[in-house]
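Enquirer: Per my numbering: the sequence shown = residues -13 to 262.
For each residue, glycine too, the CB sits at the ideal point set by N, CA and C.
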Amino acid sequence: MSFATTPSAAAPALRPGLSCRFTRAILRRPAATIARGLRAEDLGDPDLVRFERQHADYRAALEAAGLAVTLLPPLDDYPDSVFVEDAALCLPGLAVALRPGAPSRRGEAAALRPDLEAAFPDVLDLPEAARIDGGDILVTDREILVGLSARSDAAGAEALARVLAPYGYALRRTGTPPGVLHLKSDCATLGGETVLATPRLAASGCFAGYRVIETAAGEAAAANAIRVNDRVFLAAGFPRTAERLAAAGYDLAVLDLSEAAKLDGGLSCLSLRFSG
Ligand code: CIR
-13 MSFATTPSAA
-3 APALRPGLSC
7 RFTRAILRRP
17 AATIARGLRA
27 EDLGDPDLVR
37 FERQHADYRA
47 ALEAAGLAVT
57 LLPPLDDYPD
67 SVFVEDAALC
77 LPGLAVALRP
87 GAPSRRGEAA
97 ALRPDLEAAF
107 PDVLDLPEAA
117 RIDGGDILVT
127 DREILVGLSA
137 RSDAAGAEAL
147 ARVLAPYGYA
157 LRRTGTPPGV
167 LHLKSDCATL
177 GGETVLATPR
187 LAASGCFAGY
197 RVIETAAGEA
207 AAANAIRVND
217 RVFLAAGFPR
227 TAERLAAAGY
237 DLAVLDLSEA
247 AKLDGGLSCL
257 SLRFSG
């Protein structure tokens, strides 16, 4: 399978550390309504108390990696709002309020906007009709890669490219494998020129020019990892992918995310990470 992938602007500038050097993170506590969260397949409802415990461990791991964390209150009107990444894109000095593709999640960006204004000198908006989730946006040190998916459309990718162009960011568009929720369900940046990706996404050719570490067979869900400063966060339960990353020299923090996983959530979705 290969996707129609648009070329980036010629020779995009390298911004060393853009994808993984952070000083701050924004998290939102899980809503009491979390059991009403969206999911592709019913694996049982998440347990709120266990979710809160895993969320607290995740927060502590971000702090241990050197980040100052802003913890926002739960939003019970939005069962999926703990997956705060989908409502905004954060870059140094700049945030974009996104347009989540799922109808039940549309209001999350407006609810987050005051918190973005408190943290960023510039907050940009996208047109009402655009659809784009943060889970479909992979920021590497050289470009911003947007995966079109059931949640993110061409209008969303174009609108994002338009608002970011004045800031010099190169944006490239690709696809998302069939049945996969978000681009970053299947990949993560590991800093520099390296990405972690599922074999099915890597086979699309969208990472040509990158060094790709593939998730091990049967461990596709390990791809939703995050690099945070000198550490790579990986979900528990993927021993062979963990071995590959350790062999490549990454210092791993392995976290139990069983409750987020019941709602198709993973490590990237639970925070907005940025420097500033
Ligand atoms: C949803 O379907 O929108 C949520 N249950 C999961 C969102 C996960 N977000 C992400 O991968 N960025």
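#1: Quick check for students: name the residue ranges of the alpha helix (DSSP H) that lie wholly in the segment 180 to 238, counting only runs of 4 or more.
#2: Helix, strand or coil for residue 68 per DSSP?
#3: So residue 80 and residue 214 are supposed to be a Cβ contact under 8 Å. How far apart are they, rounded?
#4: What's the call for residue 65, buried or exposed, on a 16-neighbour Cβ count within 10 Å?
#5: Give the secondary structure of residue -5 by DSSP, where H, G and I count as helix, E and B as strand, and everything else as coil.
#6: For residue 249, collect the residues of the same chain with a Cβ closer than 8 Å to its Cβ; drop the 5 residues on either side in sequence, then sort them by chain order.
#7: Go ahead and label residue 237 buried or exposed: buried means 16 or more other beta carbons lie within 10 angstroms of its beta carbon, across all protein chains shown.
#8: Under 6 Å from any heavy atom of the ligand CIR, does the C-beta of residue 106 make it?
#9: Please report the residue range of the beta strand (DSSP E) in which residue 108 lies.
#10: Given residue 76, which residues of its chain have a CB within under 6 Å of its CB, disregarding the five upstream and five downstream residues?
#11: Enumerated in chain order, which unbroken segments of the beta strand (DSSP E) with a length of 3 residues or greater are wholly contained in the segment 9 to 35?
#12: Do you know whose CA, among 149, 43 and 162, lies nearest residue 190's CA?
#13: Taking the alpha helix (DSSP H) that residue 142 belongs to, which residues open and close that run?
#14: Under the rule that 16 or more other beta-carbon atoms within 10 Å means buried, what is residue -1, buried or exposed?
#15: Using 7 Å as the threshold, is the C-beta distance between residue 175 and residue 227 below it?
#16: When every heavy atom of the ligand CIR is checked, does at least one fall within less than 6 Å of the C-beta of residue 192?
#17: Does the ligand CIR have a heavy atom nearer than 6 Å to the CB of residue 260?
#18: So the candidates are 129, 36, 73 and 115; which of them puts its Cα closest to the Cα of residue 181?
#19: With distances taken from CA atoms, which of 245, 256 and 262 is nearest residue 28?
#20: In three-state terms, what does DSSP make of residue 80?
#21: Which same chain residues, not among the five before or five after residue 133, have their C-beta less than 6 Å away from its C-beta?
#22: Output the boundary residues of the alpha helix (DSSP H) element that contains residue 99.
#23: Taking the beta carbon of residue 14 as the centre, do at least 16 other beta carbons fall within 10 Å, making it buried, or is it exposed?
#24: Note down, in chain order, each residue of its chain lying with its Cβ closer than 6 Å to the Cβ of residue 201, except the 5 sequence neighbours on either side.
#25: Say yes only if the C-beta of residue 229 is nearer than 6 Å to one or more non-hydrogen atoms of the ligand CIR, and no if none qualify.
#26: Do residue 74 and residue 102 have their C-beta atoms within less than 7 Å of each other?
#27: Report the option in 233, 10, 172 and 221 whose CA atom is closest to the CA atom of residue 40.
#28: Thinking C-beta only, is residue 138 closer than 7 Å to residue 87?
#29: So residue 35 and residue 45 are supposed to be a Cβ contact under 8 Å. How far apart are they, rounded?
Expert: To lay it out plainly:
#1: For the segment 180 to 238, whole alpha helix (DSSP H) runs of length 4 or above, ordered along the chain, are 185 to 188 and 225 to 233.
#2: Along the sequence shown, read from residue 1 onward, the residue named residue 68 stands at position 82. Residue state, collapsed to three classes: coil.
#3: Looking up residue 80 in the sequence shown gives position 94. Looking up residue 214 in the sequence shown gives position 228. Contact doesn't hold; Cβ gap of about 20 Å is too wide.
#4: If you number the sequence shown from 1, residue 65 lands on position 79. Buried, by the Cβ-count rule.
#5: Here the question's residue -5 lines up with position 9 in the sequence shown. The predicted position of residue -5 is uncertain, since its pLDDT is 48 and thus under 50; a value taken from the coordinates is nonetheless stated next. In this structure, DSSP gives residue -5 a state outside helix and strand, which the three-state scheme calls coil.
#6: If you number the sequence shown from 1, residue 249 lands on position 263. Same-chain partners within the cutoff: 20, 23, 24, 25, 32, 66 and 69.
#7: Stepping through the sequence shown from its first residue, residue 237 is reached at position 251. Residue 237 is exposed by the Cβ-count criterion.
#8: Here residue 106 corresponds to residue number 120 of the sequence shown, with the count starting at 1. False, no ligand heavy atom lies under 6 Å from that Cβ.
#9: Start at 1 with the first residue of the sequence shown, and residue 108 comes out as number 122. In the DSSP assignment, residue 108 falls within the unbroken beta strand (DSSP E) covering 108 to 111.
#10: In the sequence shown, residue 76 corresponds to position 90, counting from 1. Result list for residue 76: 258 and 260, in chain order.
#11: Here the runs fully enclosed are 10 to 14.
#12: Along the sequence shown, read from residue 1 onward, the residue named residue 190 stands at position 204. Closest in C-alpha terms to residue 190, from the list 149, 43 and 162, comes 162.
#13: For the purposes of this step, residue 142 is taken as residue 156 along the sequence shown, with counting starting at 1. Segment 140 to 150, the alpha helix (DSSP H) holding residue 142.
#14: Counting from 1 along the sequence shown, the entry for residue -1 is found at position 13. Under this definition residue -1 is an exposed residue.
#15: On the sequence shown, position 189 is the one that residue 175 refers to. On the sequence shown, position 241 is the one that residue 227 refers to. No, these two residues do not count as a Cβ contact at 7 Å.
#16: Residue numbering aside, residue 192 sits at position 206 when the sequence shown is read from its first letter. The answer is no for residue 192.
#17: For the purposes of this step, residue 260 is taken as the residue at position 274 of the sequence shown. Distances taken from the Cβ of residue 260 to the heavy atoms of the ligand CIR include none shorter than 6 Å.
#18: Counted from its first residue, the sequence shown places residue 181 at position 195. Across the set 129, 36, 73 and 115, the C-alpha of 129 shows the shortest separation from the C-alpha of residue 181.
#19: Taking the first residue of the sequence shown as 1, we reach residue 28 at position 42. Considering only alpha carbons, the answer is 245.
#20: Looking up residue 80 in the sequence shown gives position 94. Note: residue 80 maps to strand in three-state DSSP.
#21: Counting from one through the sequence shown, the residue named residue 133 turns up at place 147. Closer than 6 Å at the Cβ level, and outside the excluded window around residue 133, lie 122, 160, 162 and 169.
#22: Taking the sequence shown and counting its residues from 1, one reaches residue 99 at position 113. Here the alpha helix (DSSP H) through residue 99 covers 94 to 105.
#23: Translated into the one-based positions of the sequence shown, residue 14 becomes position 28. Residue 14 comes out buried.
#24: Residue mapping note: residue 201 aligns to position 215 of the sequence shown, counting from 1. The answer, listed in chain order, is 184, 208, 209 and 227.
#25: Here the question's residue 229 lines up with position 243 in the sequence shown. False, no ligand heavy atom lies under 6 Å from that Cβ.
#26: On the sequence shown, residue 74 is found 88 positions in, with the first residue counted as 1. On the sequence shown, residue 102 is found 116 positions in, with the first residue counted as 1. Against a cut-off of 7 Å, the Cβ pair of residue 102 and residue 74 comes out as a contact.
#27: Your numbering for residue 40 matches position 54 in the sequence shown. If we check each option's Cα against that of residue 40, 221 comes out closest.
#28: Here residue 87 refers to the residue found at position 101 of the sequence shown. Here residue 138 refers to the residue found at position 152 of the sequence shown. Closer than 7 Å, so yes.
#29: Walking along the sequence shown from the start, residue 35 turns up at place 49. Walking along the sequence shown from the start, residue 45 turns up at place 59. About 16 Å separates the beta carbon of residue 35 from that of residue 45, a gap too long to meet the 8 Å contact definition.
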